Amino acid sequence: MFSDRNVADIFPTPLFSYQVEDNDGFNAYVLDFIETVRKEEGWDEASLAGKEETLEHLQSADQLHHRKDAKRFVDVGMAATHEVLDFLRYKFDDVQMTSFWFNVSRPGYSHRNHVHPNNILSGVYYLKTSPDCGDIVFDDPRPQANVLLPDAKEVTTFNSHIYSVTPEAGQLVIFPSWLAHRVAVNRSKSERISLSFNVMIRGEYGFNRAYS
């Protein structure tokens with residue numbers, strides 16, 4: 001009946017995942033860096049004893065990329081960012097990391113749906129994970145796609161409206177900053193530790209006839 005079939009994956013939303021090589025103790029270096037910042041900011045375990053209500057979700061200041069001792073991770077994050085931008089074939093003069101922080105998610109914690117405004121790409125690097133520590137969940141950005149939700153005999157990227165990534169230590173995930181995402185409940189008995197960052201391209205934006 002049909003001689004050929006072609007399916008075009010139009011308007012795809014890219015999600016990039018890298019496994020970072022643990023060369024020269026990279027993960028140990030990052031964990032040491034985090035412990036240093038935790039103590040400097042005064043919310044390490046000793047400083048927060050008796051303040052359990054603040055321990056559910058800990059988040060550092062978001063300008064850590066300016067620190068000299070953060071350079072090794074910043075270099076890794078920016079190397080992946082340049083690969084992603086090259087894949088997307090964007091033109092730009094420069095790319096800058098605009099923010100960089102770390103998160104400590106304790107058992108029972110979940111993070112609300114959110115985006116990262118005024119950036120083009122966002123990334124999260126997982127340092128410490130365990131089974132059931134909480135997936136990162138991305139929601140379909142097309143609200144009209146939820147008007148009709150037929151039952152599916154097999155879940156694929158063409159018929160699902162959420163996409164979950166189960167974090168693994170050493171995994172770096174990069175996605176568009178406008179893509180809404182959330183973190184499922186940490187149902188494990190240990191902390192999940194991750195680093196997050198945002199980047200923005202610099203230069204002339206847009207192109208001729210870039211209007212509707």
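Residues in the sequence shown are numbered from 1 upward in steps of one, following this note's numbering. Every residue gets a Cβ at the ideal spot worked out from N, C-alpha and C, and that includes glycine. Values in this document were obtained by computation on a predicted structure and should not be read as measured data.
Enclosing beta strand (DSSP E) for residue i [first to last residue]
i: residue 123; result: 121 to 128
i: residue 66; result: Unbroken run through residue 66: none, as it is neither H nor E.
i: residue 100; result: 94 to 105
i: residue 202; result: 192 to 202
i: residue 111; result: 111 to 114
i: residue 131; result: Careful: residue 131 lies outside any beta strand (DSSP E) and carries neither H nor E.
i: residue 172; result: 171 to 176
i: residue 214; result: For residue 214 there is no data in the structure shown, the boundaries of the chain being 1 and 212.
i: residue 18; result: 16 to 19
Exposure of residue i, with buried meaning 16 or more beta-carbon neighbours within 10 Å
i: residue 5; result: exposed
i: residue 154; result: exposed
i: residue 194; result: buried
i: residue 51; result: Confidence in residue 51 is poor, its pLDDT being 48 and thus under 50, which makes the residue's placement unreliable; the coordinate value appears in the next sentence. The residue in question, residue 51, is exposed, as its Cβ has fewer than 16 Cβ neighbours within 10 Å.
i: residue 206; result: exposed
i: residue 30; result: buried
i: residue 20; result: buried
i: residue 84; result: buried
Same chain, Cβ closer than 7 angstroms to residue i, neighbours up to 5 away in sequence not counted
i: residue 189; result: 107
i: residue 187; result: 132
i: residue 98; result: 119, 198, 199 and 200
i: residue 191; result: 104, 105, 106 and 128
i: residue 89; result: none
i: residue 134; result: 105, 110, 183, 184, 185, 186 and 192
Host alpha helix (DSSP H) of residue i (start-end)
i: residue 38; result: 26 to 41
i: residue 1; result: Where residue 1 is concerned, there is no enclosing alpha helix (DSSP H), given that its DSSP letter is neither H nor E.
i: residue 182; result: Where residue 182 is concerned, there is no enclosing alpha helix (DSSP H), although the beta strand (DSSP E) it sits in stretches over 181 to 183.
i: residue 73; result: 71 to 88
Proximal residues to residue i (C-beta, below 8 angstroms), its chain only, five neighbours per side dropped
i: residue 10; result: none
i: residue 145; result: 161
i: residue 62; result: 99, 100 and 101
i: residue 8; result: none
i: residue 114; result: 180, 181 and 182
Among the options, the one whose alpha carbon lies nearest that of residue i
i: residue 174; options: 196, 157, 185 and 155; result: 196
i: residue 168; options: 112, 130 and 202; result: 130
i: residue 117; options: 176, 206 and 30; result: 176
i: residue 203; options: 68, 91, 43 and 36; result: 91
i: residue 86; options: 3, 114 and 121; result: 121
i: residue 37; options: 82, 20 and 60; result: 60
i: residue 80; options: 17, 2 and 13; result: 17
i: residue 96; options: 14, 165, 33 and 66; result: 66
i: residue 170; options: 68, 3, 13 and 123; result: 123
i: residue 172; options: 112, 22, 8 and 40; result: 22
i: residue 64; options: 14, 33, 126 and 12; result: 33
i: residue 12; options: 35, 19 and 157; result: 157
beta-carbon residue i near the ligand FAD non-hydrogen atom, thresh 6 angstroms
i: residue 142; result: The ligand FAD is not part of this structure, which contains no ligands at all.
Own chain, CB closer than 6 angstroms to residue i, minus 5 neighbours either side, in chain order
i: residue 166; result: 135
Can you confirm whether the stretch 172 to 182 touches the stretch 142 to 151 when touching is taken to mean that 3 or more C-beta pairs between the two stretches lie within less than 8 angstroms? no
Do three or more CB pairs link the stretch 125 to 142 to the stretch 157 to 166 at distances below 8 angstroms? yes
Three-pair Cβ contact test at 8 angstroms for the stretch 65 to 76 versus the stretch 22 to 35: yes
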